[in-house]
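Beneath this line is the structure, given in structure tokens, with notes to follow.
In this note's numbering, the protein residues as written are 2 to 184.
See below:
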């Protein structure tokens, strides 16, 4: 599948050549607002670049997503902007939530790991495999019993056609098959 790449603290898909990238958070994001901020920032930055999100899982300390860009070599700049936006948001949220206990953290302290690790997704089979695998992460971590119970995931869209905080789309020529399941 030309154009898919992964990013995140697990797997994430992004690309105009396609790859899965990995990066983790160095600070935990608290609650629904922190995770929602990450999803919202991802969606708005993808829209600016005509990118698509085919799936995501936001964990307390990392992110998994499959994203696609119509042009190659957009992943690095996308990740730079997305990490900058979410770092600011995470720091502000943690300061408001934890007050004095967060004040000892230097302003310049990194929120995200410095690097991303990625690999290309070149087939529909591999894309579906990565989607199914990343949606199981909250279950394997013992956070929920069923993958659709994790509120910061696209699993509900795939399994129940329920809305999630990001628009789920597949690129032209790779339209979503209604029979596909992430279970």
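All residues carry an ideal CB built from backbone N, CA and C; glycine is no exception.
Among 112, 151, 108 and 97, the one whose alpha carbon lies nearest that of residue 87: 112
As assigned by DSSP and simplified to three states, the class of residue 76: helix
Residue 112 beta carbon near the ligand GTP (any heavy atom closer than 7 Å): Absence of the ligand GTP from the depicted structure is noted, as is the absence of any ligand whatsoever, leaving it without description.
Rounded separation between residue 158 and residue 148 - CA only: 11 Å
Whole-angstrom distance between residue 52 and residue 152, CA atom to CA atom: 23 Å
Residue closest to residue 93, alpha-carbon to alpha-carbon, out of 81, 107 and 82: 107
Closest by C-alpha distance to residue 155, when choosing among 132, 95 and 126: 132
Outcome for residue 144 when other beta-carbon atoms lying within 10 angstroms are tallied against a minimum of 16: exposed
Simplified DSSP assignment, three categories, for residue 136: helix
Pair within 8 Å by beta-carbon distance, residue 60 and residue 165: no
Rounded C-alpha distance that separates residue 50 from residue 77: 13 Å
Residue 67 versus residue 91: straight-line alpha-carbon distance, rounded: 22 Å
Extent of the continuous beta strand (DSSP E) run through residue 158: Segment 156-161 is the alpha helix (DSSP H) holding residue 158; no beta strand (DSSP E) there.
Beta carbon of residue 43 nearer than 8 Å to that of residue 83: yes
Contact set for residue 134: own chain, Cβ-Cβ below 6 Å, skip 5 residues either direction: none
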